[in-house]
Every structure is written in structure tokens, then in C-alpha cells.
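Chains as they are written, first to last, in numbering that gives the first Met the number 0: chain E, 0 to 300; chain S, 0 to 303.
Glycine included, each C-beta is placed from N, C-alpha and C at the ideal position.
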Amino acid sequence: MTVQAAPFAGPEPRVRARAGQRISVQLALVLGAVVLLFWTVFPFFWIVLTSFKTPGDIMTVPPKLVFSPTIANYMALVIGEQRGQYASSRPDFPLFFLNSLIISLGSVLLSLAAGIPAAYALARFEFPFKNAIAFVLMSFRFVPFIAFVIPLYIIYQKLGLYNTHGGLILAYQLITLPFTIWMLRSFFMEIPLEIQEAAKIDGCSWFGVLTRVVLPLSMPGLSVTMILGFMFCWNAFNYPLMLAGRQTFPVTVGAIQFISYEQVLWGQMAAATVVAALPQLLLSLMVQKYIVRGLTMGAVK
Amino acid sequence: MSTASFTVQSRRRRRREKLLPWLLLSPALVLLAGMIYPFALGFYYSFTAYWLQYPKRFRFVWFDNYTDLLDEPLFGRAFLFTLGFTAAAVVVQVGLGVAVALLLHARIPGRAVLRALMLTPLMIPPVITALMWKIMMASTTAGILNYLLSFLGLGPVNWFGSPDGAVASVLIIDTWGNLPFVSLILLGGLQALPVEPYEAAKVDGAGPVATFRYVTLPLLTPFLVLVTLFRTMDSLRIFDVIYATTQGGPNDATTNLHIMAYQFSFQWYQMGKGMAQAIILLVTVVIASYLLMRLWNKASESTT
Numbered sequence: 000m001t002v003q004a005a006p007f008a009g010p011e012p013r014v015r016a017r018a019g020q021r022i023s024v025q026l027a028l029v030l031g032a033v034v035l036l037f038w039t040v041f042p043f044f045w046i047v048l049t050s051f052k053t054p055g056d057i058m059t060v061p062p063k064l065v066f067s068p069t070i071a072n073y074m075a076l077v078i079g080e081q082r083g084q085y086a087s088s089r090p091d092f093p094l095f096f097l098n099s100l101i102i103s104l105g106s107v108l109l110s111l112a113a114g115i116p117a118a119y120a121l122a123r124f125e126f127p128f129k130n131a132i133a134f135v136l137m138s139f140r141f142v143p144f145i146a147f148v149i150p151l152y153i154i155y156q157k158l159g160l161y162n163t164h165g166g167l168i169l170a171y172q173l174i175t176l177p178f179t180i181w182m183l184r185s186f187f188m189e190i191p192l193e194i195q196e197a198a199k200i201d202g203c204s205w206f207g208v209l210t211r212v213v214l215p216l217s218m219p220g221l222s223v224t225m226i227l228g229f230m231f232c233w234n235a236f237n238y239p240l241m242l243a244g245r246q247t248f249p250v251t252v253g254a255i256q257f258i259s260y261e262q263v264l265w266g267q268m269a270a271a272t273v274v275a276a277l278p279q280l281l282l283s284l285m286v287q288k289y290i291v292r293g294l295t296m297g298a299v300k
Numbered sequence: 000m001s002t003a004s005f006t007v008q009s010r011r012r013r014r015r016e017k018l019l020p021w022l023l024l025s026p027a028l029v030l031l032a033g034m035i036y037p038f039a040l041g042f043y044y045s046f047t048a049y050w051l052q053y054p055k056r057f058r059f060v061w062f063d064n065y066t067d068l069l070d071e072p073l074f075g076r077a078f079l080f081t082l083g084f085t086a087a088a089v090v091v092q093v094g095l096g097v098a099v100a101l102l103l104h105a106r107i108p109g110r111a112v113l114r115a116l117m118l119t120p121l122m123i124p125p126v127i128t129a130l131m132w133k134i135m136m137a138s139t140t141a142g143i144l145n146y147l148l149s150f151l152g153l154g155p156v157n158w159f160g161s162p163d164g165a166v167a168s169v170l171i172i173d174t175w176g177n178l179p180f181v182s183l184i185l186l187g188g189l190q191a192l193p194v195e196p197y198e199a200a201k202v203d204g205a206g207p208v209a210t211f212r213y214v215t216l217p218l219l220t221p222f223l224v225l226v227t228l229f230r231t232m233d234s235l236r237i238f239d240v241i242y243a244t245t246q247g248g249p250n251d252a253t254t255n256l257h258i259m260a261y262q263f264s265f266q267w268y269q270m271g272k273g274m275a276q277a278i279i280l281l282v283t284v285v286i287a288s289y290l291l292m293r294l295w296n297k298a299s300e301s302t303t
């Protein structure tokens with residue numbers, strides 16, 4: 000770190016007149032850091048606070064920092080305490096959570112099953128249309144989701160895939176498959192060719208090379224791809240909004256159900272956002288270093 | 000005899016090696032076909048009158064859906080808002096991103112913690128981000144954001160109720176979620192910069208501002224273009240945040256092409272028209288990305 004250029008840091012003993020300037024730069028940096036910290040953390044802090052408030056404590060003038068906390072909002076999420084009168088229209092959050100898990104895991108596993116051999120082919124073999132296939136995969140990144148969702152909605156209605164986990168897992172391939180193939184390809188290409196050739200000489204078939212050499216060596220890349228793919232699926236909102244029904248809503252669409260015509264259930268919605276965001280925050284700790292690489296599909300390392 | 004069987008065997012092996020990549024690709028290609036087919040079907044729908052409730056009225060209308068848009072007053076507004084929002088979002092986010100990247104690159108206490116923390120908005124679902132801010136952006140001083148602004152002598156802003164407030168709120172929410180991405184890429188760029196130009200600048204007696212202007216910024220250009228490319232693509236298509244907060248309102252002030260295509264197809268069930276708007280949005284994204292990619296090629300050539 001110290002050898003790298005830091006435009007604002009580092010001593011400049013030659014110019015004494017700049018000492019004052021340096022102190023003010025340091026002050027500006029610390030101030031900037033405080034502002035950045037506040038900007039990043041405050042929304043989380045406030046939402047967690049709101050999720051422990053009773054309806055009477057939420058929208059007050061001025062906003063309340065001190066109040067007697069309640070876990071009623073979380074209880075309502077878990078056991079559906081406030082279902083009552085509008086039982087059929089109340090969000091069923093445990094089900095939404097389970098749906099998110101099923102759809103995200105299913106999508107990632109399907110993408111891995113199809114993506115590992117495909118990425119290996121694209122990383123290791125020369126064949127016609129190779130670049131064209133890689134390009135087509137990348138080009139999905141440009142298409143607005145609505146261009147897929149309109150025809151998918153019509154097709155799913157006809158095929159009976161609407162409002163099913165299977166249909167959603169297939170639609171989510173738009174999110175995970177191109178991502179998985181591009182990521183794995185970039186990880187596979189990092190494995191030295193010599194090791195693979197050596198394994199081949201030792202009598203390994205391509206399958207042996209893949210399963211005994213390439214996959215074990217790219218275990219970190221494989222797990223990063225899985226975790227990030229899972230997170231992208233968890234974040235998905237557009238596809239399930241149109242292709243899922245009440246039985247298959249994931250948490251993202253579920254959280255928005257707390258806004259209805261009669262009222263907005265602020266406290267429960269806050270609790271729902273906390274529950275929906277929590278797995279993401281935990282998972283992101285594991286893949287911190289790879290997030291940029293993942294979001295740019297391997298373009299930036 | 001032995002040579003003949005050898006050539007047959009090697010030919011067979013060669014053919015198998017030719018087929019192997021296709022065998023490996025086949026599951027992915029099947030899934031890929033399952034993605035291309037709906038898109039192609041949708042493209043075809045964009046040339047048809049397709050009301051979901053009246054399937055019998057389905058007919059091919061050539062370019063009517065596209066030409067009709069010219070008479071649709073909302074289309075012009077939505078198109079301009081799409082471009083204007085993207086321009087504003089890119090300028091704000093890349094501008095702030097440079098500042099944050101420089102901050103995280105400098106030696107400040109608690110830098111590692113700050114870097115880890117500032118990532119968090121990036122990883123949570125955008126729609127959840129939008130709902131979090133929706134709670135904070137209540138229009139009176141009961142909303143915490145207006146309450147905080149009142150200490151600065153500002154507000155109260157009618158966030159989702161007024162057109163200007165709605166545009167600002169979408170921009171703020173989108174910036175909160177994506178600033179970490181911009182900053183991280185630019186930070187990576189800063190860390191990859193060579194040391195020599197800085198030493199030369201020091202020898203020449205350049206101050207921090209001049210160093211930034213004449214050394215850092217030019218060297219960082221490829222990264223700036225790259226991050227602009229990614230943000231442009233996503234800002235042109237922003238949907239989640241608008242849907243969860245303003246739904247395109249008030250008075251269509253935050254209706255972009257994506258929201259408009261959604262309204263035509265899933266609120267009024269005019270699938271052909273919605274699809275035509277989606278195609279126009281796609282073309283816009285492709286053109287913008289193409290221009291930025293050319294710029295990126297130029298920028299990365301000139302610095303290396």
C-alpha cells in the first residue's frame with residue numbers, strides 16, 4: 000500500500016508553506032469519511048429501529064429515537080399475527096422466504112450443471128462460433144427485462160409454468176446462466192495449461208482433467224460464482240413480479256405486499272426489509288473481494 | 000495394416016475432439032435457446048396488435064406499434080426522462096464515486112472498516128433499498144430525512160408527492176445503491192496506477208490539485224469510461240426503484256421507457272405496444288453502450 004501513489008497523502012517536507020494545506024486536507028478527509036459512514040449506515044440503522052417500533056411510534060413529529068421496543072412486527076411476519084380480517088390478502092412471509100431459497104438455489108444449481116461444461120469448453124477448446132456464443136451470452140446483459148417478461152408471461156400462461164417454482168427457475172437462467180459461464184470461464188482460464196496437459200499425459204480423459212484437476216483447483220472461483228449467483232437471484236424482483244403468484248412470491252415481491260390500498264404497514268415492511276436484506280449482508284462478507292468481478296461478469300478483476 | 004488402423008483411430012479421435020466442445024456446450028445451448036425463443040417471439044409481437052383480453056383481435060400490423068408511439072404524448076416525455084435521468088445519474092454517481100474512491104485510497108483511520116461497510120448497499124435487493132428509503136422519505140417532518148434536512152435549514156421536501164421531489168428521490172435512492180459499485184471500480188483503478196508519473200509530478204512541484212487534474216484523471220480515464228458504461232446501461236433500464244416508490248408518478252414525472260412498457264403490457268394488456276417500447280429501449284441501450292465501448296477502446300489504447 001505504501002509504495003502506491005496516494006495523491007493526497009504522504010509528507011512533502013520540502014515545502015513548508017504547504018503544511019497548513021496538508022492539515023486542512025487531512026481534516027477534509029476525516030470529514031468526508033464521517034459523511035460517507037453516516038450516508039451508508041444511517042438508513043440501515045433507521046430501518047432496524049423502525050422495525051422495533053409500534054405503529055404509534057413510527058410516524059411522529061419529531062421522529063422518535065427513544066421508545067419502548069416491540070417485536071410485534073417480527074412476530075407478525077413469522078406467525079402472521081395480524082392476518083385477521085384480510086387473511087387472504089395478508090403477506091405470508093415465511094412462505095416468501097422459503098420461495099426465495101428454493102428459486103435461488105434451484106437457479107444456481109441448474110446454471111452450474113449447464114455452465115461448468117460450457118465454461119470449460121469456452122475456456123479450453125478451439126471450435127467454430129466460439130466467440131459468437133460467448134458474445135451472445137454477454138449480450139443478454141443489454142436486454143431490458145420487460146422484453147423477456149412479456150413473451151414469457153404469455154408462454155408461461157399457455158404451458159402452465161406461470162406461478163410455479165420451475166418456471167421461475169427457468170426464467171432466472173437469464174440472470175444466472177450468462178453470469179455463471181462468464182465467471183467460470185475467467186476462473187478456468189487462470190489455471191495453467193501445463194497442469195492440464197500433464198494430467199492428460201498421465202492418462203486422464205477430458206472428464207478426468209475437468210473433475211480431478213480443473214474443478215478442485217477452481218474451488219474458490221466456483222464457490223464465489225455460486226454465492227454471487229445466489230445473491231443476484233435473491234435480489235431479483237422484475238421476473239417474479241410478473242411470473243409468480245401469491246404461492247411463489249420471493250421476499251422481494253413479498254416485501255412490497257405491505258403496501259396496499261388501505262394502508263402501508265410501515266413497521267412490518269421495515270421488519271420484512273431487514274429479513275430480506277440479512278442473508279445478503281451475511282453472504283456479502285464471504286465474497287467481498289470478488290463483488291466487482293462478479294458485477295462486471297469477470298471484466299474487471 | 001498397423002499404420003492404417005492407426006490413422007483410422009486418430010481420425011476417429013480427431014472427430015471426437017471436434018464434437019467434444021459441442022457436447023459440453025449442449026445443456027447450456029438448450030437453455031440459451033429457451034431464452035432466445037421468447038425474445039424472438041416478443042420481437043414478432045411488437046409488429047402485432049395483441050390485446051391479452053381479446054386474443055381473437057390478434058393481427059399483424061407491421062410498424063404501427065412503432066409509428067403510433069410518435070402520436071403518444073407520454074412516449075416523448077418518457078424517452079426524455081429516460082435519457083435525462085441517465086445523464087443525471089451518471090454525472091452524480093461518477094462524480095461522487097471519484098471523491099469516494101480518492102477518500103478510500105487515502106490514508107485515513109479506519110479505512111478497512113469503511114471500505115467493508117460502504118459495500119453493503121450494493122448487495123441488498125434494489126427494491127428493498129427503495130422500500131427502506133420510502134420509510135425515511137415521508138413528506139412531513141415525521142419522515143426522518145425531512146427531519147434531518149430541517150437542521151440544515153432545508154425542506155420539508157414533498158418527496159413522492161411532487162414531480163421534482165419524486166425525480167430527486169429516485170435519483171437519491173439509485174445513487175445510494177450504486178455509489179459503492181462506482182467507487183469500488185475507481186478505487187481498483189487508483190490502486191493499479193503506476194507510481195512514476197506521480198514521482199515526476201512531485202519533482203515538478205505539482206500540488207495535489209494539479210497532480211489530480213493532470214496525472215490521476217487522465218490515467219483513470221479507462222476506468223471512468225468503463226464505470227460510465229455499466230451505469231449508463233443500468234440507469235437507462237431502471238425499474239425496481241421507480242416501481243417500488245413512485246410507480247412512475249406523480250403525473251408521469253418519473254415514467255421512463257421501462258415503466259411505460261410495463262404499464263402498456265401489464266396494466267393495459269397491450270402486449271404488442273409494450274413490446275415495441277421494450278425494443279426501442281433495447282436499441283437505446285445498445286447504441287449508448289456501443290458509443291461508450293468505442294470510447295473505452297480509444298481510452299485504453301491511449302493510456303497503454
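Report yes or no: is there a C-beta of chain S within less than 8 Å of the C-beta of residue 73 of chain E?
no
Could one say the Cβ of residue 268 of chain S lies closer than 8 Å to chain E's Cβ atoms, at least one of them?
no
DSSP-derived helix/strand/coil call for residue 65 of chain E:
coil
Of all Cβ atoms in chain A, is any one closer than 8 Å to the Cβ of residue 236 of chain S?
The chain labelled as chain A is not found among the protein chains of the depicted structure, namely E and S.
Other residues of its chain near residue 281 of chain E: CB distance less than 7 Å, five sequence neighbours each side excluded:
none
Between the beta-carbon of residue 59 of chain E and the beta-carbon of residue 141 of chain S, is there less than 8 Å?
yes
With DSSP collapsed to three states, give me the class of residue 212 of chain S.
helix
At a cut of 8 Å, does the segment 150-170 of chain S reach the segment 124-139 of chain S through at least three beta carbon pairs?
yes
Please decide whether residue 290 of chain S counts as near chain E, where near means a Cβ-Cβ distance under 8 Å.
no
Decide if residue 284 of chain S is buried, meaning its Cβ has at least 16 other Cβ atoms within 10 Å, or exposed.
buried
Residues within the segment 258-274 of chain E neighbouring chain S, beta-carbon criterion of under 7 Å
265, 268, 269 and 272
Members of the segment 234-264 of chain S near chain E, C-beta cut-off 7 Å:
236, 238, 239, 243, 257, 260, 261 and 264
Residue 122 of chain E versus E:214, E:251 and E:248, residue with shortest Cα-Cα distance
E:214
In angstroms with no decimal places, state the Cα-to-Cα distance between residue 253 of chain E and residue 288 of chain S.
33 Å
Pair within 8 Å by beta-carbon distance, residue 173 of chain S and residue 236 of chain E
no
Along the chain, where does the alpha helix (DSSP H) that runs through residue 175 of chain S open and close?
162-191
My assumption, with CB atoms under 8 Å, is that residue 314 of chain S sits in contact with residue 46 of chain S. Please give the rounded CB distance.
For residue 314 of chain S there is no data in the structure shown, the boundaries of chain S being 0 and 303.
Out of E:42, E:190, E:38 and E:49, which one is the CA nearest neighbour of residue 208 of chain E?
E:190
Taking C-alpha atoms, which residue in E:200, E:240 and E:183 lies nearest to residue 161 of chain E?
E:240
What span of residues does the alpha helix (DSSP H) with residue 90 of chain S cover, start to end?
72-104
Please return the same chain residues whose Cβ sits closer than 6 Å to the Cβ of residue 208 of chain S, not counting the five positions on each side in sequence.
none
One question on the structure: do residue 255 of chain E and residue 243 of chain S come within less than 8 Å of each other, judged by their Cβ atoms?
yes
Contact between the segment 219-233 of chain E and the segment 94-114 of chain E is defined here as three or more beta-carbon pairs at a separation below 8 Å; is this criterion met?
yes
Got a sec? Which residues, its chain only, sit under 6 Å from residue 63 of chain E by beta carbon, not counting five neighbours each side?
56
The alpha helix (DSSP H) with residue 224 of chain E in it runs from where to where?
218-234
Status (buried if at least 16 other CB within 10 Å, exposed otherwise) for residue 98 of chain E
buried
Apply the 10 Å Cβ neighbour rule to residue 177 of chain S and answer buried if 16 or more other Cβ atoms are within range, or exposed otherwise.
buried
How close, in whole Å, do the beta carbons of residue 283 of chain E and residue 118 of chain S come, if the pair is a contact with beta carbons under 8 Å?
6 Å
Taking only the alpha-carbon atoms, compute the straight-line gap between residue 155 of chain E and residue 277 of chain E and give it to the nearest angstrom.
32 Å
Which residues in chain E have a C-beta closer than 9 Å to the C-beta of residue 119 of chain S? List them in chain order.
39, 40, 43, 276, 279, 280 and 283
Whole angstroms are fine: how far does the CA of residue 124 of chain E sit from the CA of residue 12 of chain S?
15 Å
Please check if any C-beta of chain S sits within less than 8 Å of the C-beta of residue 77 of chain E.
no
Taking DSSP as the reference, what is the three-state secondary structure of residue 19 of chain E?
helix
Apply the 10 Å Cβ neighbour rule to residue 53 of chain S and answer buried if 16 or more other Cβ atoms are within range, or exposed otherwise.
exposed
Would you check if the distance between the CB atom of residue 76 of chain E and the CB atom of residue 250 of chain E is smaller than 8 Å?
no
Under a three-way DSSP split, which group does residue 75 of chain E fall into?
helix
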